[in-house]
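A.B. asks: Here you go, one structure.
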Amino acid sequence: MEIILPYFIAIALCGLLLYFLTPIAKKVGLVDRPNDRKRHDVSVPLIGGIAMGISFPLSMLLFPIGLESYRILFFCVGALLVVGVLDDHQDIPAWAKFVTQMVIATLLVFLDEKVVFFIGDIFDTGISQGLNVFAPWLTVIAIVAIINAFNMIDGHDGLAALVTIISLGSLLFLSTYNGVGQEHFFFISLFITVVATFLIFNHSSFVGRDRQVYMGDAGSMFLGLIVAYFLIELSQRGAPVENFGIPAIKPSAVPWIIGLPFLDQVSVMAKRIMKGRKLWIADRGHIHHFFLDAGFGKHLTLALLVLIHGGLVIMGILGTVFDWPDWILFWGAILVLLLYLGVARLTPRKIKTNRAGQ
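In short: position in the sequence shown from 1, add 113, done, that's the numbering used here.
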């Protein structure tokens with residue numbers, strides 16, 4: 114009962130917060146309003162990040178384990194949530210969010226020692242490729258990139274939550290498969306529980322339009338931070354310079370575990386650069402927009418994107434479990450990215466051509 118209780122508390126607390134914060138959010142204007150890019154019909158409360166950010170750490174305290182190792186992570190989560198909520202309410206400048214993300218990533222790297230030292234034998238030389246003196250700052254960039262990747266994928270009901278559940282679910286499986294400590298199991302499984310609770314309120318099919326909520330930037334950045342943290346933690350446990358365990362996932366499998374957010378982020382950034390647009394200005398260039406503009410319904414779009422993401426994550430799982438060569442996993446991910454970039458570039462043109470011919 115001592116082990117199960119935190120999960121029930123997390124579900125109840127997250128659900129109650131989402132329920133009772135909804136009218137408050139509408140009163141204070143903490144809502145996502147419809148516009149040319151956002152096609153929902155009514156203003157939707159942006160309280161998912163707040164509810165998850167409160168219910169998760171409080172429920173974690175109920176586990177019979179020490180949380181000292183997560184002290185810096187929880188501080189970073191709190192800081193990111195504060196900035197995220199401010200942005201959801203007032204649209205703070207993009208540079209302020211970026212600086213906050215950089216500071217948080219720097220704290221994790223230099224205080225919590227979450228550093229990507231090696232990325233695997235990607236050149237098939239028999240030696241795992243190290244990042245040497247560049248490792249800390251490349252890790253900072255990677256953390257910020259993952260945070261923003263999950264922030265950018267959050268544009269379709271249920272997508273960011275399901276993508277996170279699948280990616281973290283794979284980490285939960287692989288960490289258990291490789292015998293990583295129970296602390297990580299409790300953390301990841303409880304976080305998945307909280308995200309799943311939010312997902313119920315995120316989809317209008319479950320709660321109706323009046324009770325639907327979004328996670329907002331606070332929530333999506335929260336998800337990205339947790340995913341980034343455990344990707345580093347579980348992929349670097351067996352780095353060649355260390356001798357304190359077996360990695361739960363191969364470093365070269367990380368792009369596959371990130372999956373859809375990785376492909377979408379690189380594609381969107383590349384298109385904005387090519388068109389001379391500012392990188393931080395949102396548009397309708399994301400993968401879910403392609404499906405919707407092509408005539409797919411909301412539910413079918415969600416199902417297809419989840420299947421695509423699931424397929425990518427499965428490749429990362431198989432590559433780790435069966436110890437596929439690092440160069441196959443790494444360059445295979447690059448090949449998939451290049452193919453996706455090509456498809457993403459051609460698809461909008463075909464949609465416009467088909468519409469013009471109708």
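Backbone N, C-alpha and C define an ideal beta-carbon position, used for all residues, glycine too. Keep in mind it's a predicted model, so treat the numbers as computed, not measured.
Between Ile362 and Leu347, which are expected to be in contact by the criterion C-beta below 8 Å, what is the C-beta distance as a whole number of angstroms?
C.D. replies: 5 Å
A.B. asks: Is the separation between the beta-carbon of Met215 and that of Phe335 shorter than 8 Å?
C.D. replies: no
A.B. asks: Could you tell me the boundaries of the alpha helix (DSSP H) in which Tyr120 lies?
C.D. replies: 118–141
A.B. asks: If we ignore side chains and look at the alpha-carbon of each, how far apart do Gly470 and Leu417 end up?
C.D. replies: Model confidence at Gly470 stands at a pLDDT of 42, short of 50, so the residue's coordinates are unreliable; what they give is reported in the following sentence. Rounded to the nearest angstrom, the gap between the Cα atoms of Gly470 and Leu417 is 26 Å.
A.B. asks: Enumerate in chain order the residues of its own chain whose CB-to-CB distance from Thr277 is below 6 Å, with the five nearest sequence positions on each side excluded.
C.D. replies: Val308, Leu336
A.B. asks: Would you kindly report the start and end of the unbroken alpha helix (DSSP H) that includes His316?
C.D. replies: From DSSP, His316 is part of no alpha helix (DSSP H); its letter is neither H nor E.
A.B. asks: What is the DSSP secondary structure of Phe72, counted as helix, strand or coil?
C.D. replies: For the chain, the structure presents residues 114 to 471; residue 72 sits outside this window and is missing.
A.B. asks: Just to confirm the assignment, what range does the alpha helix (DSSP H) spanning Trp208 have?
C.D. replies: 207–223
A.B. asks: List the endpoints of the continuous alpha helix (DSSP H) containing Arg146.
C.D. replies: Note, Arg146: premise wrong, no alpha helix (DSSP H); not H, not E.
A.B. asks: Is it true that the region 322–336 meets the region 244–252, where meeting means three or more beta-carbon pairs spaced less than 8 Å apart?
C.D. replies: no
A.B. asks: What three-state label does DSSP hand Glu355 in the structure shown?
C.D. replies: Bear in mind that a pLDDT of 43 at Glu355, under 50, signals an unreliable position, so the number given afterwards is only what the model happens to contain. Here Glu355 carries a coil assignment [DSSP, helix/strand/coil].
A.B. asks: Measuring straight from C-alpha to C-alpha, what distance separates Ala262 and Gln378?
C.D. replies: 5 Å
A.B. asks: By Cβ distance, which residues of its chain are closer than 6 Å to Thr219, with the 5 residues on each side in sequence left out?
C.D. replies: Val253
A.B. asks: Going by DSSP, name the residue or residues bridged to Pro158.
C.D. replies: Looking at the DSSP assignment, Pro158 forms a beta bridge with Val144.
A.B. asks: Using a threshold of 8 Å, state whether the C-beta atoms of Leu131 and Phe311 are closer than that.
C.D. replies: yes
A.B. asks: Name the one or two DSSP bridge partners that Tyr327 has.
C.D. replies: Bridge partners of Tyr327: Leu159.
A.B. asks: Just to confirm my understanding: we take Ile122, look at its own chain, exclude 5 residues before and 5 after, and list those with CB closer than 7 Å. What are they?
C.D. replies: These residues qualify, in order along the chain: Ser172, Leu175.
A.B. asks: Check whether the Cβ atoms of Thr306 and Phe298 sit closer than 8 Å, and answer yes or no.
C.D. replies: no
A.B. asks: Which partner residues does Gly243 have in the DSSP bridge list?
C.D. replies: Phe231
A.B. asks: Could you please give the first and the last residue of the uninterrupted alpha helix (DSSP H) stretch that includes Leu418?
C.D. replies: Under the DSSP assignment, Leu418 falls in the alpha helix (DSSP H) whose first and last residues are 411–434.
A.B. asks: Using alpha carbons as the reference points, say which of Gly332, Asn315, Phe223, Ala255 lies closest to Asn264.
C.D. replies: Gly332
A.B. asks: Tell me whether the beta-carbon of Val198 lies closer than 8 Å to the beta-carbon of Gly233.
C.D. replies: no
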